[in-house]
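S.K.: The structure that follows is given in the form of C-alpha cells.
Written out as C-alpha cells, the structure reads:
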C-alpha cells in the first residue's frame, strides 16, 4: 500500500475513533490496519473503562517493565511477576496522549492487591516505576486527569516539564495538593480546556483560571451541595477574563451572574436544587449553537433562546415540568428564533401539540426530535398526523420519553403512523416504554421501515 493510501486510510479510521467496536473489528483485517488502529486505541486507553478492562490493562502495563526494573523490584522484595508476561507486540504506552492519574492509581491498586503487596513504601516504589513508563523519552501528553486528593508530586519526575508542556485539557479537583497546583500553573501554559470539580475553597485555582490565555472550554462542577461562600464570587469574577475567548461553558450550580461570552458556542447548565436562574434573563449569547440544560426553569431559558441571534442548532431541555403557558412560550421562542435547529429535546404538553405544526414549518433543518411526554391523556393520533404531514425531509429520528410507563400510544395510532410513513426515509425510533409494542416495532423493522435505535445513534445528527 502506498504512503498516500495509508495516510488516507488513517484519516478515515480516525473518524471512527469513538466507535471502539468497529475499531476492534478492523484490527483483524491485516497488518496495516492493525498498525494504524493500535495508536488510535491507545491514544486514550482509559476511555470506556470497566473493571475487567482495567485488570487487563494492568497486565499489559506490567509487561512493558524492563528486565532491569523487574530485577530491581525483586531485590526490594517486591514480586509482581508471579505470572509470566509476554513482551507486547507494540510499545503501547508510547502511543498514550491522555495521562489519567486516577486510572493509573486504580491499576496500581490492582497490581499490589493481586500480588499481596500491602506496605505503603513498596506501593510507592511500584507507583514510581509505573509512572516512569509513561514519563519516558520525548513523549508529550495533551490531556491530564488528576483525581481527588492525589498528592504525588508529578512535577518532580525527571522530564515532567517537557512531558506536560503541551497539555491542552486538564481535569482536576479543588482539593488537590497546593504544591501540585503550583507546579501545574508553572508548567501547563497551553491549557485550552479546563474541567474543575469543586468541593473545597482553593484560591490557587483562581490563578489557574485567570492565567490560561488560550482557554476556550471551562466546566465548573460541584460533586455535592456546598453553601455559597466568598470563593464562589471570586470564581465567577475570574470568568470575566475569558469573555472574548470562551466557546464552551458548563456549570452544575446556579451562579449569581454569567458573563456575556460573545463567542460562546456551547452552554450546559444543571441545577438539582431547582434554583431561580435569573442570571439568564438578560444574558446575550449571539453565537450560541448548543444549549443543554437539566432541571432549569423554563422562563429564563425562553428569554435566553430569544437572545441567541438565530444561531442555535441543538436544544436539549431535561428534568423540568412545564406548565401550559410556559410550554407554549418556549415552543414559540424556538420556532421564531431557531431556523437552523437540527436537534430538539423538549416536553410537549397536550394543549400545545398544535404548536408542533409551527415548529416543523419554521425549523426546516430538524433531523432529531425527542419528545418528553407527561400528560396523562395525550393526543398521540394528532401528534403522528402532524409528523406525517409536516416533517422536514431530513427529520427521521424520533424519541418518545414518558415519565409514566402507562403513557404510550395505542397500537392503532402507531400502525397508522408507520403505514403512512411508507415511501419515506426509514425512521430511527426509540421508545423508553416499548415493551407492549415490541412485536410491532420488530415487524416494521424487518420490513425496513424503522430502525429501533439507541440514544447514541439518536444523538448523532
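Numbering (my numbering), first residue to last: 9 to 469.
Using N, Cα and C, we set each Cβ at its ideal position, and we do this for glycine too.
1. Count the CB pairs spanning the segment 135-146 and the segment 157-173 that are closer than 8 Å, and state whether there are at least three.
2. Have a look at residue 108 and residue 52 and give me their C-alpha separation to the nearest angstrom.
3. When you compare the CB positions of residue 301 and residue 325, do they come within less than 7 Å of one another, or not?
4. Which residues share a DSSP beta bridge with residue 301?
5. DSSP state of residue 115, grouped into three classes?
6. Rounded to the nearest angstrom, how far is the Cβ of residue 407 from that of residue 378, given a contact under 8 Å?
7. Would you kindly report the start and end of the unbroken alpha helix (DSSP H) that includes residue 206?
8. Pull up the distance between the alpha-carbon of residue 174 and that of residue 149, whole angstroms please.
9. Could you pull out every unbroken beta strand (DSSP E) segment of at least 3 residues lying fully inside the segment 157-243, listed in chain order?
10. Where residue 135 and residue 208 are concerned, what is the direct C-alpha to C-alpha distance, given to the nearest angstrom?
11. Using 8 Å for Cβ pairs, my map puts residue 204 next to residue 223. What's the rounded Cβ distance?
12. Spell out a yes or no on whether the segment 26-44 and the segment 63-75 are touching, meaning 3 or more CB-CB pairs, one atom from each, closer than 8 Å.
13. What first and last residue would you give for the beta strand (DSSP E) that runs through residue 4?
14. Specify the secondary structure class of residue 250 as computed by DSSP and reduced to three states.
15. Beta-carbon of residue 157 versus every beta-carbon of chain C: anything under 7 Å?
16. Could you check what DSSP says for residue 430 in three-state terms: helix, strand or coil?
17. What does DSSP give as the partner residues of residue 435 in its beta bridges?
18. In the DSSP output, what is residue 259 paired with across the bridge?
19. Taking all protein chains shown into account, do 16 or more other C-beta atoms lie within 10 angstroms of the C-beta of residue 284, making it buried, or fewer, making it exposed?
20. Would you mind stating whether residue 66 and residue 115 have Cβ atoms separated by less than 7 Å?
21. Measure how close the beta-carbons of residue 306 and residue 321 come, nearest whole angstrom, since I'm counting them as under 8 Å.
22. Along the chain, where does the beta strand (DSSP E) that runs through residue 108 open and close?
23. I think residue 373 touches residue 350, with their Cβ atoms under 8 Å apart; what is that distance to the nearest whole Å?
24. Exposed or buried, what is residue 259 when buried is set at 16 or more other beta-carbons lying within 10 Å of its beta-carbon?
25. Run through the DSSP bridge pairs and tell me what residue 351 is partnered with.
26. Based on the DSSP output, what are the partners of residue 153 in its beta bridges?
27. Can you tell me whether DSSP reads residue 381 as helix, strand or coil?
28. Taking only three categories from DSSP, how would you classify residue 86?
29. Rounded to the nearest angstrom, what separates residue 103 and residue 219 at their Cα positions?
30. Output yes or no for whether 7 Å exceeds the beta carbon distance between residue 361 and residue 391.
31. Give the range of the alpha helix (DSSP H) segment to which residue 30 is assigned.
32. Using only CA atoms, which one of 274, 262, 280 lies nearest to residue 289?
33. When the Cα of residue 229 is compared with those of 279, 420, 409, which residue comes out closest?
34. Can residue 387 and residue 427 be called in contact, C-beta distance under 7 Å?
35. I'd like to check one pair, residue 347 with residue 317: are the Cβ atoms closer than 7 Å?
36. Could you give the residue range of the alpha helix (DSSP H) that holds residue 50?
M.R.: The answer reads as follows:
1. In this structure the segment 135-146 touches the segment 157-173; the number of beta carbon pairs closer than 8 Å is three or more.
2. Linking residue 108 to residue 52 through their CA atoms gives a straight-line distance of about 9 Å.
3. Against a cut-off of 7 Å, the Cβ pair of residue 325 and residue 301 comes out as a contact.
4. Looking at the DSSP assignment, residue 301 forms a beta bridge with 277, 325.
5. Residue 115: helix per DSSP, three-state reduction.
6. The C-beta distance from residue 407 to residue 378 rounds to 4 Å, short enough to meet the 8 Å contact threshold.
7. Element bounds for residue 206: not the alpha helix (DSSP H) but the beta strand (DSSP E), 201-206.
8. Linking residue 174 to residue 149 through their CA atoms gives a straight-line distance of about 6 Å.
9. With a minimum length of 3 residues, the continuous beta strand (DSSP E) runs that stay inside the segment 157-243 are 177-181, 201-206, 225-230.
10. Using only the alpha carbons, I get a separation of about 27 Å.
11. The Cβ separation is near 12 Å, so there is no contact.
12. No, the segment 26-44 does not touch the segment 63-75.
13. Missing from the structure shown is residue 4; the chain here goes from 9 to 469 and no further.
14. Looking at residue 250 - three-state DSSP - the assignment turns out to be helix.
15. In the structure shown, chain C does not exist; there is a single protein chain.
16. Three-state result, residue 430: coil.
17. Per DSSP, 458.
18. Paired residue(s): 228, 277.
19. Per the 10 Å Cβ criterion, exposed.
20. Annotated as proximal: residue 66 and residue 115, with beta-carbon spacing under 7 Å.
21. Cβ atoms of residue 306 and residue 321 stay farther apart than 8 Å, at about 20 Å.
22. Note, residue 108: beta strand (DSSP E), 106-108.
23. Contact holds; Cβ gap of about 5 Å.
24. Residue 259 should be labelled buried.
25. Looking at the DSSP output, residue 351 shares a beta bridge with 322, 376.
26. In DSSP, residue 153 forms a bridge with 108, 179.
27. If DSSP states are grouped into helix, strand and coil, residue 381 belongs with the strands.
28. Here residue 86 sits in coil by DSSP.
29. Going from the Cα of residue 103 to the Cα of residue 219 covers about 30 Å.
30. Yes, these two residues count as a Cβ contact at 7 Å.
31. Segment 28-34, the alpha helix (DSSP H) holding residue 30.
32. Residue 262 is the option with its Cα nearest to residue 289.
33. Checked all of 279, 420, 409; the closest Cα to residue 229 is 279.
34. Contact check for residue 387 against residue 427 fails: the beta carbons are separated by 7 Å or more.
35. Residue 347 is positioned such that its CB atom lies no closer than 7 Å to that of residue 317.
36. Residues 39-51.
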